[in-house]
Amino acid sequence: MKAMILKSFGGPESFELRDVPKPVPGAGQVLVRVHATSINPLDYQVRRGDYVDLVPLPAITGHDVSGVVEEVGPGVTSFAPGDEVWYTPQIFDGPGSYAEYHVAAEGIIGRKPQSLSHLEAASLTLVGGTVWEALTVRAALRVGESILIHGGAGGVGHVAIQVAKAIGARVFTTVREANFEFARSLGADVLIDYEKEDYVDAIMRETGGHGVDVVFDTIGGNTLTRSPDVLAQLGRLVSIVDIAQPQNLVQAWGKNASYHFVFTRQNRGKLDELSALVERGQLRPHVGAVYSLADIGLAHARLESPNNGLQGKIAIAVEPSLIS
């Protein structure tokens, strides 16, 4: 099979397309013909060497799969050849999704929503699972509450807006003015152009000084440092970003705030919850660009570029027929 191999840590040129043996499913495993995958910040973090101790080289990386079951191993009862499936491979535990075939444990695989294409489904597994855990499990966001979602036009943010609206929350989001229409179409209630206005001032004005119940941080750095300033009493902040430097959280202490840091875990349950939202018309991933398996390096370079003009996710068509 063809696979994109990470041969060394470094820039987008560190990948090489190679022929490698097709994997064989063991007991409790499913072999999937990968039709599509996608690009996440985690992917370029792995590539550049942020997790060097967890990724032995050479490696097949990648964290999203949408495809069709090719073969099942002994003991598998939930799937059969020909089933359309989607999932996130176990992170830091074996080969990833930048390949024509992938083997995964039966328990982390879900049935792909019929209304999604493979490109769309592959754009939702990792970010969708992350958002679901962040908002429903960690933040316990409830109907009628308010939430600030940083980076609402991005791969994670655009999904978070939709999930928060499905829960019944009032959604504030920071986006560039050029992305106002896109964020509004997702259901955002209050749009803040962070390039032209301080989001803390905007939130306090819009809430009458009360603040928001939940902040969902997809940016990190100074954004994480200042987010306590917009939290209401007993507010919750959930971040999916590594803390690269110490943070002064005295404002959070004064508000009895709780903090949660999410590194998503793989299971079928989250996929089934996302699938239900999709089929009810409350959630749809947006594919902002499509690249081929051979052009994964170019896709990485684009996602890493500031002001890349992307809305939503970059999808990778592993099956050539998916490239229009």
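Heads up: the sequence shown at position 235 corresponds to 235 in the numbering used here, and the numbers run straight through without jumps.
Yeah, the Cβ is synthetic: ideal placement off N, Cα and C, and Gly gets one too.
Legend entry - Straight-line gap, H102 to V68 (C-alpha atoms, nearest Å): Counting only the Cα atoms, V68 lies some 10 angstroms from H102.
Legend entry - Closest residue to A153 among H300, H286 and A317 (Cα-Cα distance): Selected option, being the one with the closest Cα: H286.
Inset, instruction - Using only alpha-carbon positions, find the residue among L231, I39, V241 and L310 that is nearest to I316. - result: Comparing Cα positions, the closest option is I39.
Legend entry - Segments assigned alpha helix (DSSP H), at least 4 residues, entirely inside the stretch 206-266: You should have 222-226 and 250-254.
Legend entry - Beta-carbon proximity of L310 to A276, cut-off 8 angstroms: With respect to A276, L310 sits apart: the two C-beta atoms are not nearer than 8 angstroms.
Legend entry - Residue from A169, K7, W132 and V159 whose Cα sits closest to the Cα of K313: Nearest option by C-alpha distance: V159.
Inset, instruction - Pull up the distance between the alpha-carbon of I109 and that of L274, whole angstroms please. - result: So the alpha carbons of these two residues sit roughly 13 angstroms apart.
Legend entry - Limits of the unbroken beta strand (DSSP E) element including V32: V32: member of the beta strand (DSSP E) spanning Q29 to I39, first to last residue.
Legend entry - Chain-order list of residues whose beta-carbon lies under 7 angstroms from that of L116 (same chain, five-residue window excluded): Taken in chain order, the residues that qualify are V278.
Legend entry - Under 8 angstroms between C-beta atoms of V215 and V230: Contact flag set, yes.
Legend entry - Local Cβ density within 10 Å of Q29, reported as buried at 16 or more and exposed below that: That one is buried.
Inset, instruction - Mind reading off the beta-carbon distance from V171 to A178? Whole number of angstroms is fine, and I expect it under 8 angstroms. - result: Approximately 19 angstroms separates the beta-carbon atoms of V171 and A178; this is outside 8 angstroms, ruling out the contact.
Legend entry - Secondary structure of G128, DSSP reduced to three states: G128: helix per DSSP, three-state reduction.
Inset, instruction - Give the DSSP-derived three-state secondary structure of G288 in the structure shown. - result: It is a strand residue.
Legend entry - Distance between beta carbons of P89 and V65, contact taken as under 8 angstroms: About 6 angstroms separates the beta carbons of V65 and P89, which is inside the 8 angstroms limit, making them a contact pair.
Legend entry - Unbroken beta strand (DSSP E) run spanning A150, endpoints: Reading the sequence as shown, one finds His at residue 150 and not Ala. Run containing H150: S146 to H150, per the beta strand (DSSP E) assignment.
Inset, instruction - Give me the Cα-Cα distance between Q233 and G11, rounded to the nearest whole angstrom. - result: Their backbone Cα atoms lie some 43 angstroms apart in a straight line.
Legend entry - T173 to E304 span [Cα, whole Å]: Approximately 21 angstroms, taken between the alpha carbons.
Inset, instruction - Tell me whether the beta-carbon of P58 lies closer than 8 angstroms to the beta-carbon of L17. - result: Taking 8 angstroms as the Cβ cut-off, P58 and L17 do not qualify as a contacting pair.
Legend entry - Cβ-based burial, P113 [other Cβ within 10 Å; buried from 16]: The residue is buried, with at least 16 neighbouring Cβ atoms inside 10 Å.
Inset, instruction - Classify T174 as helix, strand or coil using the three-state DSSP reduction. - result: In the structure shown, T174 sits in a strand (DSSP, three-state: E or B).
Legend entry - First through last residue of the alpha helix (DSSP H) which encompasses D272: Here the alpha helix (DSSP H) through D272 covers R268 to E279.
Inset, instruction - Would you kindly work out how many angstroms separate the C-alpha atoms of G62 and P81, rounded to a whole number? - result: For G62 and P81, the gap between their C-alpha atoms comes out near 23 angstroms.
Legend entry - Whole-angstrom distance between G254 and L119, CA atom to CA atom: If you take the alpha carbons of L119 and G254, they lie about 45 angstroms apart.
Legend entry - Cβ-Cβ distance between G297 and E13 below 8 angstroms: Yes, Cβ-Cβ distance for G297 and E13 is below 8 angstroms.
Inset, instruction - Please say whether V212 and L141 have beta carbons closer to each other than 8 angstroms? - result: No, the pair does not count as a contact, with Cβ atoms beyond the cut-off.
Legend entry - Environment of L92 [buried if 16+ CB atoms lie within 10 Å]: What sits at residue 92 in the sequence shown is Phe, not Leu. Exposed: under 16 other Cβ atoms inside 10 Å.
Legend entry - Beta-carbon proximity check, G129 vs L271, cutoff 8 angstroms: Closer than 8 angstroms, so yes.
Legend entry - Proximity below 8 angstroms, CB of V32 to CB of V85: A contact, by the Cβ cut-off of 8 angstroms.
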